[in-house]
Amino acid sequence: MKPNLYMPIKATIEHIVEETPAIKTFGLRPQEPIVFQAGQFVELTVPGLGEAPFTPSSSPAITSEMEITIMRVGRVTDALHDMKAGDTLGIRGPYGTAYPIEQFRGREILIVGGGCGVGPLRSLLFALFDDIDHFPGIIVRMGAKSPQDLVFREAAANRWGERGDKVDVLFSVDHAEPGWTGPVGVVTKILDPKYTDCNPQQGVAVMCGSPMMMKYVSGSLLERGYAPEDIYLSLERNMSCGVGKCGHCRMGQYHVCYDGPVFSYAQLQALPESWD
Ligand SMILES: Cc1cc2nc3c(=O)[nH]c(=O)nc-3n(C[C@H](O)[C@H](O)[C@H](O)COP(=O)(O)OP(=O)(O)OC[C@H]3O[C@@H](n4cnc5c(N)ncnc54)[C@H](O)[C@@H]3O)c2cc1C
Ligand code: FES
């Protein structure tokens, strides 16, 4: 019999990390391994309430457990934030396109994240770390409203930089607080040559964040000389089926769930609704 496309796999919440006042990372153990690639998304089902799409923030090399970093914004995410270790939920997927890591090999990677967009980017980073010899350098630039809104700051400070000169990480905040010594300003500020010594002709750039943030970051990257086909971003759209059938996520000629969520800027530049 054909497997039911919409039937979730049961998963247990193993651990929960409170990243910021509004963002938690959930460690989930599905009843059977889930194989995904960085950038793809899954649908999480809260029993009796509904489902919503999220992108794993954990290493794609680990299939027995999956971490997902979730911002509380409404009905489903409220219910998820109220759940405890030991509770169960459903996962279906993975769906959609992934970051084309094979094509990135040999090129410098600039990763730019904001808010909860850093989740998918952490998954990408883990995949790049596993293959680090094939990348001349990885530059990570992340922004948040304030220091307490920065996600993964501790891991970035303590572990991501363990790869020596190959990984260069910098955070910025829109509003500083006492004790903050880093740059202050929106994330585009730290894409300036003063803070970011990158090689747009040789490298690729990947970003994830709010539509507004990605619009402005794209502009900065184009100004710095990145080609539209070397800039990748992840789009979020209202979704239902997640598998290209219902039309909920339609944008121009694309179904975001099926043709995305990872797109190149070159694919999107003729679609102004990308930034809605
Ligand atoms: C492919 C994909 C991957 C995603 N990955 C993640 C992830 O890794 N982590 C994460 O936290 N979220 C992620 N999202 C967003 C997440 O799906 C939504 O936040 C979620 O569906 C909101 O459901 P809700 O029932 O809690 O909110 P609702 O009750 O439906 O909405 C409450 C409020 O939140 C707003 N809202 C709804 N969707 C979004 C959204 N996408 N972004 C911002 N505000 C929204 C609504 O406009 C409304 O004002 C992803 C979305 C997509 C399409
Ligand atoms: S969510 Fe149904 S077509 Fe994309």
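Read in order, the letters of the sequence shown correspond to residues -18 to 257 in the working numbering.
Glycine included, every Cβ here is placed at the ideal spot set by N, Cα and C.
Item, Value
"Evaluate residue -18 with the Cβ neighbour count: other Cβ atoms within 10 Å of its Cβ, from every protein chain shown; 16 or more gives buried, anything less gives exposed.", "Because the pLDDT of residue -18 is 49, which lies under 50, any placement of that residue in the model is unreliable, and the question is left without a value."
"State the Cα-Cα distance for the pair residue 83 and residue 111, rounded to the nearest angstrom.", "13 Å"
"Using DSSP with H/G/I as helix, E/B as strand and the rest coil, what is residue 189?", "strand"
"Cutting at 6 Å between CB atoms, please list the residues of its own chain near residue 188, excluding the five before and the five after it.", "93, 195, 198, 214"
"When the distance is taken between beta carbons, is residue 171 closer than 9 Å to residue 122?", "yes"
"Just mark residue 227 as buried or exposed, buried being the case when its beta carbon has 16 or more other beta carbons within 10 Å.", "exposed"
"When a residue counts only if its C-beta is closer than 7 Å to some heavy atom of ligand 2, which residues count, in chain order?", "220, 221, 222, 223, 224, 225, 226, 227, 228, 229, 230, 231, 236, 237, 238, 239"
"Buried or exposed for residue 162, please, with buried defined as at least 16 other CB atoms from any protein chain shown within 10 angstroms of its CB.", "exposed"
"My output table needs one value for residue 124: the three-state DSSP class, helix, strand or coil.", "strand"
"For the beta strand (DSSP E) holding residue 76, just list the boundary residues, first then last.", "69 to 76"
"Does any heavy atom of ligand 1 sit closer than 8 Å to the C-beta of residue 95?", "no"
"Looking at residue 56: is its Cβ nearer than 9 Å to the Cβ of residue 5?", "no"
"Roughly how many whole angstroms lie between the Cα atoms of residue 251 and residue 20?", "23 Å"
"Give a single yes or no on whether residue 50 has its beta carbon closer than 8 Å to a heavy atom of ligand 3.", "For ligand 3, the structure offers nothing, since it holds only ligand 1 and ligand 2."
"Does residue 8 come out as helix, strand or coil in the three-state DSSP assignment?", "strand"
"Is residue 177 a contact residue of ligand 1, with contact defined as CB to any heavy atom under 8 Å?", "no"
"Can you tell which of 63, 68, 114, 70 has the C-alpha that lies nearest to the C-alpha of residue 86?", "114"
"What does the Cβ neighbour count give for residue 27, buried or exposed, with the cut at 16 atoms within 10 Å?", "buried"
"Can you tell me where the alpha helix (DSSP H) holding residue 85 begins and where it ends?", "82 to 85"
"Return the first residue and the last residue of the beta strand (DSSP E) that residue 213 is part of.", "212 to 215"
"So does residue 4 have its beta carbon nearer than 8 Å to some heavy atom of ligand 1?", "yes"
"Just to confirm before moving on: does the CB-CB distance between residue 45 and residue 11 stay below 9 Å?", "yes"
"Between residue 37 and the rest of its own chain, which residues show a CB-CB distance below 7 Å, the 5 nearest in sequence each way excluded?", "17, 23, 47, 48, 49, 104"
"Classify residue 117 as buried or exposed, calling it buried when 16 or more other Cβ atoms lie within 10 Å of its own Cβ.", "exposed"
"If you measure between the beta carbons of residue 100 and residue 51, is that distance less than 9 Å?", "yes"
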